[in-house]
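In what follows, a structure is listed as structure tokens, so that the remarks can point back to it.
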Amino acid sequence: MKLRFATVALLAGTVALAGCKKEPPESLPPEPAPTTSAPTPTGPSGPVLGTQEHFENAVNGQNVIYFDTDRYNIDSADMAALQTQAQYLAQYPNISITVEGHADERGTREYNLALGERRANAAKNYLVSLGVAANRVRTVSYGKERPVALGSNEAAWAQNRRAVSVVVN
Amino acid sequence: MKPILALLTLALFAAPAAAQEAQSPASTSDLGAPVPTMGEVETIEQQDGGLTFTVTDESEWQDLGIAIPGFATDRDTPTPANSSGTAALGKELARVVFNDLKNNGLFKPVGPDSLPQPTFPQITAPNWPTWSSRGAEMLVHGYVRARGDNKLTVGCYLYDMALKSELVREGWVVEPGEWRRAAHKCSDLVYSRLSGEDPFFDSRIAYIAETGPKGNRVKRLAIMDSDGANHRFITTGRSTALTPRFSPDYSKLLYLSYVDGNPRIYVYDIGTGRQTLVTESGNPTIAPRWSPDGRYILYSMAVAGNTDIYRVPAGGGQSVRLTDAPGIDIGGSYSPDGSQIVFESDRSGGQQIYVMNADGSNQRRISFFGGRAATPEWSPRGDQIAFTRIAGDFNIAVMSPNGRNMRTLTDGWQDEAPTWSPNGRIIQFFRTERGSGKASLWQVDLTGRNLRRLPTPVDASDPAWGPILP
Chain A
1 MKLRFATVAL LAGTVALAGC KKEPPESLPP EPAPTTSAPT PTGPSGPVLG TQEHFENAVN
61 GQNVIYFDTD RYNIDSADMA ALQTQAQYLA QYPNISITVE GHADERGTRE YNLALGERRA
121 NAAKNYLVSL GVAANRVRTV SYGKERPVAL GSNEAAWAQN RRAVSVVVN
Chain B
1 MKPILALLTL ALFAAPAAAQ EAQSPASTSD LGAPVPTMGE VETIEQQDGG LTFTVTDESE
61 WQDLGIAIPG FATDRDTPTP ANSSGTAALG KELARVVFND LKNNGLFKPV GPDSLPQPTF
121 PQITAPNWPT WSSRGAEMLV HGYVRARGDN KLTVGCYLYD MALKSELVRE GWVVEPGEWR
181 RAAHKCSDLV YSRLSGEDPF FDSRIAYIAE TGPKGNRVKR LAIMDSDGAN HRFITTGRST
241 ALTPRFSPDY SKLLYLSYVD GNPRIYVYDI GTGRQTLVTE SGNPTIAPRW SPDGRYILYS
301 MAVAGNTDIY RVPAGGGQSV RLTDAPGIDI GGSYSPDGSQ IVFESDRSGG QQIYVMNADG
361 SNQRRISFFG GRAATPEWSP RGDQIAFTRI AGDFNIAVMS PNGRNMRTLT DGWQDEAPTW
421 SPNGRIIQFF RTERGSGKAS LWQVDLTGRN LRRLPTPVDA SDPAWGPILP
């Protein structure tokens, strides 16, 4: 299948960038729009384009990739997932995403913030290598601050070492 | 004999804008009301038993019995510091000194609630038989007097019971809202005279207060005195706040906030309640640190996934990049003389500890033992580096600045992020509970024997102990 890529920043991306713009000291930037998926009303025709649900359905749940302990390399499973994401982004050139990088709780806080950023960037770099415009992929690290699996065991940690692609609203 | 007092005016946070309102609308910031500088304060009462406990140390210090009866007053006078007047305040002052010395683990103090109350003239002429009959080896006396200008004069005397003589005395003039500082200064006087160490009680701690479930923790910037009193929240909790650091003069706090959706370091001015970004960059900034003289700020910034350490003048200006290794270079803690920086890097594979000159030159690894080593903090005395040792579990350890003499001080499941007491004798850190993820503040002395949990109103992490208050 041939992919078509948008190369310009579209409306959604522009809004996201405005959210990061520096402001004078006394007026802090506005609260960010929530970046995690919110339940969206689904009409009779299914999830609406531009929603996280539409994206997750289209990529068959492959909006999350996972990492080994202290690693940030993109393995073959990650490549397959990111290729699916790239296809979606090619199909819908108006969509921008944020890649959220996460670490498990078995790391020091500050290092994990840097590690999450490195993981998010590894995912972004691979998407860009597939032709996705860099300005359509924002990154943010949450370090170990937002675990999805709440246990303190290997299975939970493996689920938390992840990069999650989220549609920018 | 009349008490002779050193008159020190203690003006904490000499407030340029005490009553200034929050500058920005609530919806665009995560800051609570600015911290008031005087008057009534929100106080977290010390709880005996429940939250505070000490691992028994069998050293000879434990046997040093110190009697600390209530401080006397010349005339029971109304004071804003205590609704019952200066007599009741005198007892409170002694209770603060008692709790300071008890929690330190080195002494065996007896407090004012189980001792007779000396009279005002007895403060300078102790009734020796009263105290020797109780087996006291040291005696702390003190007084409090309301002055005409609404301030308080507090005097503190340490007597050696065997010699029946005064060892040291000092006095302070404080605002009513700062009465606890006088008690901490008295604790410091006693501690320093008996241990030979520098003082540390009259200091404050910044930390992150945590509430909510593990998957959705609310993390607020908070500050408190070294004994947990005068507790205040700085941020509201709408955005995650992490890793605070007091400036050496206590006028500012560095911390990380997600207030704009991204991890960014802010410089928060305690007096005005305003804050600025540490650097104008779209990249994430983490791990803020002050230089010992407060003139510079270190921060770490990730550019395209590669994190390096930068230095920027605290008043603003050009950032200088200090590291350029591929990988994560992060943190950074100055030697007390400001000439060197100890930091963390994974350039060799895993997290290890490195030292460089303050200009970034001569970077060299110093940690060469099993496991990984993270979050190094140079002792204010210069003789030790505390860090998080990762070898299976996470524990607090210390080593010499040349990387030798590594000693592990704690044995929790996840003990992380050491911060030094102002005198470099005690280390605070936070301990995370396996499973629940609940975190709490702890401290341990350099022997590793005196370990205790610090009382906080809610769960707590990321402690940062400031220097002795100016």
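Residue numbers (full-length UniProt numbering), protein chains in the order written: chain A, 1 to 169; chain B, 1 to 470. For every residue, glycine included, the Cβ atom is placed at its ideal position computed from N, Cα and C. Computed from a predicted model, the values in this text were never measured in an experiment.
In three-state terms, what does DSSP make of residue 413 (chain B)?
coil
Taking Cβ-Cβ distances shorter than 7 Å, what residues in chain A pair up with residue 263 (chain B)?
113, 141
So is residue 471 (chain B) buried or exposed if we call it buried at 16+ other beta carbons inside 10 Å?
The structure shown does not extend to residue 471 (chain B), since chain B spans only 1 to 470, so no value can be given for it.
Would you grab the beta carbon distance between residue 182 (chain B) and residue 93 (chain B) for me? Rounded to a whole angstrom, and I think it's under 8 Å.
7 Å
Of all the options B:306, B:235, B:298, which has the alpha carbon lying nearest to the alpha carbon of residue 273 (chain B)?
Comparing Cα positions, the closest option is B:235.
Say whether chain A places a C-beta atom closer than 7 Å to the C-beta of residue 312 (chain B).
no
Report the residue from B:124, B:366, B:321, B:64 whose alpha carbon sits nearest the alpha carbon of residue 137 (chain B).
The option with the nearest alpha carbon to residue 137 (chain B) is B:64.
Would you kindly work out how many angstroms separate the C-alpha atoms of residue 548 (chain B) and residue 263 (chain B), rounded to a whole number?
Outside the displayed range of chain B (1 to 470) lies residue 548 (chain B), so it cannot be described from this structure.
Taking Cβ positions only, does residue 328 (chain B) come closer than 7 Å to chain A?
yes
What in chain B is Cβ-close to residue 165 (chain A), meaning under 9 Å?
Residues of chain B passing the Cβ test: none, with the nearest at roughly 16 Å.
If we ignore side chains and look at the alpha-carbon of each, how far apart do residue 267 (chain B) and residue 446 (chain B) end up?
32 Å
Would the region 419-432 of chain B and the region 350-363 of chain B be scored as touching if the rule is three or more Cβ pairs under 8 Å?
no
Do the CB positions of residue 111 (chain A) and residue 374 (chain B) come within less than 7 Å of each other?
yes
Check the Cβ of residue 150 (chain A) against every Cβ in chain B and list those closer than 7 Å, keeping chain order.
The answer, in chain order, is 214, 215.
Please list, in chain order, the residues of the region 220-232 of chain B that have any C-beta partner in chain A closer than 7 Å.
none
Whose C-beta lies closer than 7 Å to the C-beta of residue 100 (chain B) among residues of the same chain, with five residues either side of it excluded?
184, 187, 201, 227
List the residues of chain B whose Cβ lies closer than 8 Å to the Cβ of residue 75 (chain A), in chain order.
Here the premise fails: no neighbours, minimum Cβ distance about 17 Å.
Should residue 181 (chain A) go down as buried or exposed, given a rule of 16 or more other Cβ atoms within 10 Å for buried?
Because chain A here runs from 1 to 169, residue 181 (chain A) falls outside it and cannot be looked at.
So which residues of chain A does residue 434 (chain B) contact, with C-beta pairs closer than 7 Å?
152
My assumption, with CB atoms under 8 Å, is that residue 296 (chain B) sits in contact with residue 312 (chain B). Please give the rounded CB distance.
7 Å
For residue 409 (chain B) and residue 402 (chain B), I'd like the C-alpha separation in whole angstroms.
Roughly 19 Å between the two C-alpha positions.
Fully enclosed by the region 59-112 of chain A, which alpha helix (DSSP H) runs are 4 residues long or longer?
76-91
Please classify residue 316 (chain B) as buried or exposed, where buried requires at least 16 neighbouring CB atoms within 10 angstroms.
exposed
Please confirm if the region 204-223 of chain B is in contact with the region 124-133 of chain B, defined as three or more CB-CB distances below 8 Å between the two stretches.
no
Should the region 423-430 of chain B be called in touch with the region 64-79 of chain B, which here means at least 3 C-beta pairs below 8 Å?
no
For residue 153 (chain A), count neighbouring Cβ atoms within 10 angstroms of its own Cβ and tell me buried if that reaches 16, exposed if not.
exposed
Quick one: using the 10 Å Cβ neighbour count with 16 as the cut-off for buried, is residue 456 (chain B) buried or exposed?
By the 10 Å Cβ count, residue 456 (chain B) comes out buried.
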